[in-house]
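If you want the numbering used here, it's the 1-based position in the sequence shown plus 225.
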Amino acid sequence: MAIARITDQIVRVMDDTQSGAKELLEPVLRIGVTGLSRAGKTVFITSLIANMLDRARMPQLSAGAQGRIEAAFLQPQPDDTLPRFAYEAHLRALLSPAPRWPESTSSISQLRLSLRTRPKGLFRGLRGARVLHVDIIDYPGEWLLDLPLLRMSFAQWSKKALEQAQSRETLAAEWLALSQNQDPQSALEEAEAQKLAEAFTAYLDAAKSAGFANCAPGRFLLPGDLAGSPALTFAPLWRPEKPRRGSLYRAFERRFEAYKSQIVKPFFRQHFSKLDRQIVLVDALGAIDTGPAAVQDLREALADILPVFRPGKNRWLSWLTGKKIERILFAATKADHIHHHQHPKLTGFLEALLQEAKQVADWKGAKTRVMSLASLRATVEQRASHEGEVLELVRGVLTGSGKEVALHPGDLPADPARLLEPARTGAQDWPEGLGFDLPEFAPPLPEDKAPEGLAHIRMDQAAEFLIGDRL
Ligand SMILES: Nc1nc2c(ncn2[C@@H]2O[C@H](COP(=O)(O)OP(=O)(O)OP(=O)(O)O)[C@@H](O)[C@H]2O)c(=O)[nH]1
Ligand SMILES: [Mg+2]
């Protein structure tokens, strides 16, 4: 075990020195696009690439505005073992005559965008153009939920998961009933174990559909080719005082540990330890739309996940001896659902939501920023008067019916505590006047004679923060 770990480290050091020499000539910037399921990662990456390849809609990307970007092009990605991010397919779907959002991501993929730029300032005439490679990775948001499991024992995780399920009673009823009839001390029967794991997975699926963010283990929802393997055949159990050898409890405990060490750790070590910058996408509006429990759930999930970006300060993450992340951008996505006058309130809400996580993760030394954005703007703004009052509306086409509607989805409060307090105290519904009703808009119809790239809100500011200083 120890030897394996040492060899692994040596190989990684060699890898790093070899790629290090190459990187002096053509630097690489690795950007992690992180977010829970449906946060908007795939649309964000597609829009970022489309708008970097054609920068007509990116006035606030300074290297572009200064005319210093000579070329932007896609390259084969550096990792031979990762599939390529299906950029063209996603873009085609978004730009087709009947535009569609991408399917939910079910596995990892990568893309390399390369930018050839002229230096600025004094060296402008002296130095030739340089190339910067930007590597971006897309993965299913569910997998992120596995990160917090790493610091929990089976007993701790089981307790948390069972308590959580009790608070989501109607969704978990079937699994909880089955689980109560199982004696954790009984000998492992594979058929019984599978039934428990299936019922538990069905509950996680239902919780996810109901809008809850916290539905770990992530691979239970998206198993890929691991479906049916023992590492995915377990469920939470209350710990008996002295678990017997050969018991169901012991078997599930072992499988939980295998899940962590053989599935979760390698994923984060491989893909998170090399990142230079992170964008964390948060569907804050979606959580508000779902209700107080979803907001509380999102807040807890973020507080659990975000320490990974500053692993140096967190002893449970010491195995992730990667680079220190230099910049972290937190973005509330899908901001085109509300009028731009409400964007500062959305940003303020995300800032408040992250407060708790900030106390756990020490981000000193990393530059951080919070903003609201829309990767693909699906609405236009409109004003209307109603009973003498001016209403600020957004107009777009609904995904289900295909109807065009103009609506006012609700008012965000100026003080985020008005949402966070009811969430913290377990309120069933938002207080009077704070309700939100967000429909799902279809991607916009492609415009004739419009500039290339995709219509967006603040993608240029996001790109400037994430890449601008290196161009
Ligand atoms: N109006 C609007 N909707 C968006 C935008 N970005 C994402 N969406 C919506 O959010 C959904 C999820 O976006 P994705 O980019 O697929 O989310 P993801 O984080 O990749 O999700 P997983 O792959 O399931 O982890 C889309 O199907 C759209 O309905 C946006 O900029 N504006
Ligand atoms: Mg995706």
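Note that CB positions come from ideal geometry on N, CA and C, so glycine has one too.
CB-CB under 7 Å to A380, same chain, minus the five flanking residues each way: which ones, in chain order? Once the five neighbours on either side are set aside, the close Cβ partners of A380 are R464.
Residue ranges of each beta strand (DSSP E) within the segment 288–367, 3 or longer: If we require 3 residues or more, the beta strand (DSSP E) runs fully inside the segment 288–367 come out as 294–300, 334–342, 355–363.
Classify F298 as buried or exposed, calling it buried when 16 or more other Cβ atoms lie within 10 Å of its own Cβ. Taking all protein chains shown into account, F298 has fewer than 16 neighbouring C-beta atoms within 10 Å of its C-beta and is therefore exposed.
Report whether the distance from the Cβ of D508 to the nearest heavy atom of ligand 2 is below 7 Å. Not so, every heavy atom of ligand 2 lies at least 7 Å from the Cβ.
Return the first residue and the last residue of the beta strand (DSSP E) that T593 is part of. T593: member of the beta strand (DSSP E) spanning 592–597, first to last residue.
Whole-angstrom C-beta distance between F661 and G635, which should lie under 8 Å: Yes, they are in contact, since the Cβ atoms of G635 and F661 sit about 4 Å apart, within 8 Å.
With respect to the beta strand (DSSP E) encompassing G621, which residues constitute its N-terminal and C-terminal limits? Residues 614–622.
What is the rounded straight-line gap between the Cα of S331 and the Cα of S262? Each residue's Cα considered, the two are about 10 Å apart.
Going by DSSP, what residue range makes up the alpha helix (DSSP H) through E466? Note, E466: premise wrong, no alpha helix (DSSP H); not H, not E.
Identify the residues that DSSP records as bridge partners of S610: which are they? Residue pairing from DSSP places S610 in a beta bridge opposite V615.
Would K266 be called buried (16 or more neighbouring beta carbons within 10 Å of its own) or exposed? The residue is buried, with at least 16 neighbouring Cβ atoms inside 10 Å.
Bridge partners of E629, per DSSP? DSSP lists V622 as partners of E629.
Name the residue from E251, G621, L462 whose alpha carbon lies nearest to the alpha carbon of Q410. The shortest C-alpha to C-alpha distance from Q410 to any of E251, G621, L462 is the one to L462.
Within its chain, find whatever has a CB closer than 7 Å to the CB of I692; leave out the 5 residues flanking it on each side and keep chain order. Apart from the 5 residues on each side of it in sequence, I692 sits with its Cβ closer than 7 Å to the Cβ of L254, V359 in its chain, given in chain order.
Between A412 and E478, what straight-line distance do the alpha-carbon atoms span, to the nearest angstrom? Going by the C-alpha atoms only, they are around 14 Å apart.
Taking 8 Å as the cut-off, decide whether the C-beta atoms of F437 and D371 are in contact. For F437 and D371, no; Cβs fall outside 8 Å.
Judging by CA-CA distance, which residue of E646, G292, I361, Q686 is the nearest neighbour of S594? Reading off the sequence, residue 594 comes out as Arg, not Ser. Closest option to R594, Cα to Cα, is Q686.
Using 8 Å as the threshold, is the segment 597–607 in touch with the segment 269–288, meaning 3 or more CB pairs across them? Result yes; three or more Cβ-Cβ pairs closer than 8 Å.
Assigned exposure category for E677 - 16 Cβ within 10 Å defines buried: By the 10 Å Cβ count, E677 comes out exposed.
Could you tell me whether the Cβ atoms of F310 and D363 are closer together than 8 Å? Taking 8 Å as the Cβ cut-off, F310 and D363 qualify as a contacting pair.
Taking the alpha carbon of L319 as the reference point, which residue from H611, E388, F481, L670 has its own alpha carbon closest? Minimum Cα distance to L319 is reached at L670.
Could you give the C-beta distance for V505 and T259, rounded to a whole number, given that I count them as a contact under 8 Å? That belief holds up - the Cβ atoms of V505 and T259 are roughly 5 Å apart, short of 8 Å.
Between which two residues does the beta strand (DSSP E) carrying Q381 extend? Per DSSP, Q381 belongs to no beta strand (DSSP E); it is in the alpha helix (DSSP H), 379–392.
Among R376, N406, H562, which has the Cα closest to the Cα of G621? The alpha carbon of G621 has as its nearest neighbour, out of R376, N406, H562, the alpha carbon of H562.
Helix, strand or coil at T267 according to DSSP, with G and I counted as helix: Here T267 sits in helix by DSSP.
Let's test the definition: count the other Cβ atoms within 10 Å of the Cβ of V507 and tell me whether it reaches 16, buried, or not, exposed. Its Cβ being crowded by 16 or more others within 10 Å, V507 is buried.
H566 to T342, Cα distance in whole Å? Note on geometry: alpha-carbon atoms of H566 and T342 lie some 36 Å from one another.
Mind checking who R255 pairs with in its DSSP beta bridge? R255 is bridged to D360.
With distances taken Cα to Cα, identify the nearest neighbour of L575 among E551, D529, E617, A509. The option with the nearest alpha carbon to L575 is A509.
Contact test: K559 Cβ vs ligand 2 heavy atom, cutoff 7 Å: No, ligand 2 has no heavy atom inside 7 Å of this Cβ.
Who are the Cβ neighbours of A609 in its own chain at under 8 Å, not counting the five residues just before and after it? Apart from the 5 residues on each side of it in sequence, A609 sits with its Cβ closer than 8 Å to the Cβ of V615, L616, L618, A631 in its chain, given in chain order.
Identify whether A229 lies in helix, strand or coil by the three-state DSSP scheme. Note that A229 scores 45 on pLDDT, short of 50, meaning its location in the model is unreliable; the coordinates nonetheless yield the value given after this. Helix, per DSSP.
Straight-line CA distance for V356 to A528? Roughly 37 Å between the two C-alpha positions.
How far does the beta strand (DSSP E) with L555 in it reach, from first residue to last? Leu is not the amino acid found at residue 555; the sequence shown has Phe there. Counted as a single uninterrupted DSSP element, the beta strand (DSSP E) harbouring F555 occupies residues 552–557.
Helix, strand or coil at F661 [DSSP, three-state]: Coil.
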